[in-house]
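My numbering applies: residue 512 is where the sequence shown begins, and numbers increase by one.
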Amino acid sequence: MNKRVVITGTGNVCVLGHHWSEIKASLLNCKNGVRYMTEWDAYPDLQTRLAAPVDHFAMPEHYGPKKKRGMGRVAQMAVAATEYALADAQLAGHPIIKSGQTGVAYGSATGSSEAAMEFFNLLDNKTTQSISGTTYLRMMSHSAAVNISVLFGTSGRMYTTTSACTAGSQGIGYAYEAIRAGQQTVMLAGGAEELCPTQAAVFDSVYSASLKNSEPEKSPRPFDRARDGLVLGEGASTLVLEERDFALSRGANILAEIVGFATNCDGTHLVRPNKKTMTKVMALALNDAQLTPQDIGYISGHGTATIHGDIAESHATYDLFGADTPFSTLKGYLGHSLGACGALEASAAIRMMNEGWFNPTVNLDDIDPRCAALDYIQHQARDVNTNIMMSNNFAFGGVNTSLIFKRHKS
Numbered sequence: 512m513n514k515r516v517v518i519t520g521t522g523n524v525c526v527l528g529h530h531w532s533e534i535k536a537s538l539l540n541c542k543n544g545v546r547y548m549t550e551w552d553a554y555p556d557l558q559t560r561l562a563a564p565v566d567h568f569a570m571p572e573h574y575g576p577k578k579k580r581g582m583g584r585v586a587q588m589a590v591a592a593t594e595y596a597l598a599d600a601q602l603a604g605h606p607i608i609k610s611g612q613t614g615v616a617y618g619s620a621t622g623s624s625e626a627a628m629e630f631f632n633l634l635d636n637k638t639t640q641s642i643s644g645t646t647y648l649r650m651m652s653h654s655a656a657v658n659i660s661v662l663f664g665t666s667g668r669m670y671t672t673t674s675a676c677t678a679g680s681q682g683i684g685y686a687y688e689a690i691r692a693g694q695q696t697v698m699l700a701g702g703a704e705e706l707c708p709t710q711a712a713v714f715d716s717v718y719s720a721s722l723k724n725s726e727p728e729k730s731p732r733p734f735d736r737a738r739d740g741l742v743l744g745e746g747a748s749t750l751v752l753e754e755r756d757f758a759l760s761r762g763a764n765i766l767a768e769i770v771g772f773a774t775n776c777d778g779t780h781l782v783r784p785n786k787k788t789m790t791k792v793m794a795l796a797l798n799d800a801q802l803t804p805q806d807i808g809y810i811s812g813h814g815t816a817t818i819h820g821d822i823a824e825s826h827a828t829y830d831l832f833g834a835d836t837p838f839s840t841l842k843g844y845l846g847h848s849l850g851a852c853g854a855l856e857a858s859a860a861i862r863m864m865n866e867g868w869f870n871p872t873v874n875l876d877d878i879d880p881r882c883a884a885l886d887y888i889q890h891q892a893r894d895v896n897t898n899i900m901m902s903n904n905f906a907f908g909g910v911n912t913s914l915i916f917k918r919h920k921s
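Listed below in structure tokens is the structure:
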């Protein structure tokens, strides 16, 4: 018999703040965290100058130099978010963490770019002078996941997802499956990403980055006729997942239950999304949850503000749900934080579901007529009383995820 899986804590590091009260205030005020990146003026060929960085981030003071030396920025944000999540779940220091019954499922698109440069110096200048014993530890794509494990002492399962924009949501999904199957009791799940101009260059090169450099507050514009591309962000988000009976036995505050998850791939194109497989992944998640489209009261969309992405996602959603399910996205506020976005978006949506409202898609003023006629939440937050919501993400390479969360009733 499958175990039931609940969420008992969340921890975030993002441009809008680290506490839900800070994030909530920005969502209610339709205020995004995008700014002009003067730091990127050093790269004259880079066209976009917009991003949503986590300025003034610092590790908690009790992490000394010895603990931090194997962590680049991406791992530091992941560890900080995990510490916040464990405190929120009231699991910090609990014996279950080091018992072997706690695992980690965490993703990022890459490791630390600064560490990668230490290796590139070898290739460019034929010298190992910049390479240290921690260079690879900071650069490796699973740096965030393994640092969480080492610093909190978990010895259970380890899933490291590097699937770009679905890394965080796949981490949550695989953690859910591990607990549901009885393989683990607790999982620390989510994703992280650090901002780097190389990422901006990636989207510049495929004409997908926003060039509204003089109006950072007006970009990105998911699903809007005037959108001109995505804006990058960074951050980390950790969700604490527990087997429901264990959570109840210790009197945990249950935020939501995960009732459905699916992931698939398009198998057709490296960067252009496939509407059919996007629709299919949502249908598979519904089937996993034994629900119908009519049971879903809100959909948290991916919403990259790219032409092909927005059009494909909206029509894929419409094909399954029609025009009546409230729909919005968070990337207009946070930027596209790649490996962190799925976890950040799920975390926020769960909080909003429990409070009975959902954010509008910021900067969505004039819906692109090429997008499907969904029930887009615009201009201000909307009161929505629902017990069940879906969170979707879609990545380069045609990787798709869909998660379904249910408000917990004691």
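All C-beta atoms in this analysis are idealised placements derived from N, C-alpha and C, irrespective of residue type, glycine included. Remember, predicted model here, so these are calculated numbers, not experimental data.
- Across the set Leu831, Arg732, Ala678 and His847, the C-alpha of Arg732 shows the shortest separation from the C-alpha of Ile818.
- DSSP places Leu561 in no alpha helix (DSSP H) but in the uninterrupted beta strand (DSSP E) bounded by Leu561 to Ala563.
- Per DSSP, Leu914 lies in no alpha helix (DSSP H); the unbroken beta strand (DSSP E) holding it starts and ends at Val910 to Arg918.
- Pro708: not part of any beta strand (DSSP E); member of the alpha helix (DSSP H) spanning Pro708 to Ser716, first to last residue.
- Looking at the backbone, the Cα of Asp835 and that of Gly812 are separated by about 15 Å.
- If you draw a straight line from the Cα of Tyr647 to the Cα of Cys776, it is about 30 Å long.
- Shown here, Ile807 sits in coil according to DSSP, grouped into three states, outside any helix or strand.
- Per DSSP, Gly820 is one residue of the alpha helix (DSSP H) stretching across Ile818 to Phe832.
- For Val770, the CB contacts under 6 Å within the same chain, skipping 5 residues up- and downstream, are Ala800, Ile915 and Lys917 in chain order.
- Between Ala596 and Thr521, the CB-CB gap stays under 9 Å.
- Leu743 places its beta carbon less than 9 Å from that of Gly846.
- Between Asn904 and Gly853, the CB-CB gap stays under 9 Å.
- Between Lys514 and Arg691, the C-beta spacing is below 9 Å.
- Collapsing the DSSP output to three states places Arg893 in a strand.
- Looking at the backbone, the Cα of Glu533 and that of Asn865 are separated by about 17 Å.
- In this structure, Glu625 is the residue among Ala655, Ser654, Glu625 and Asn658 with its C-alpha nearest to the C-alpha of Ile642.
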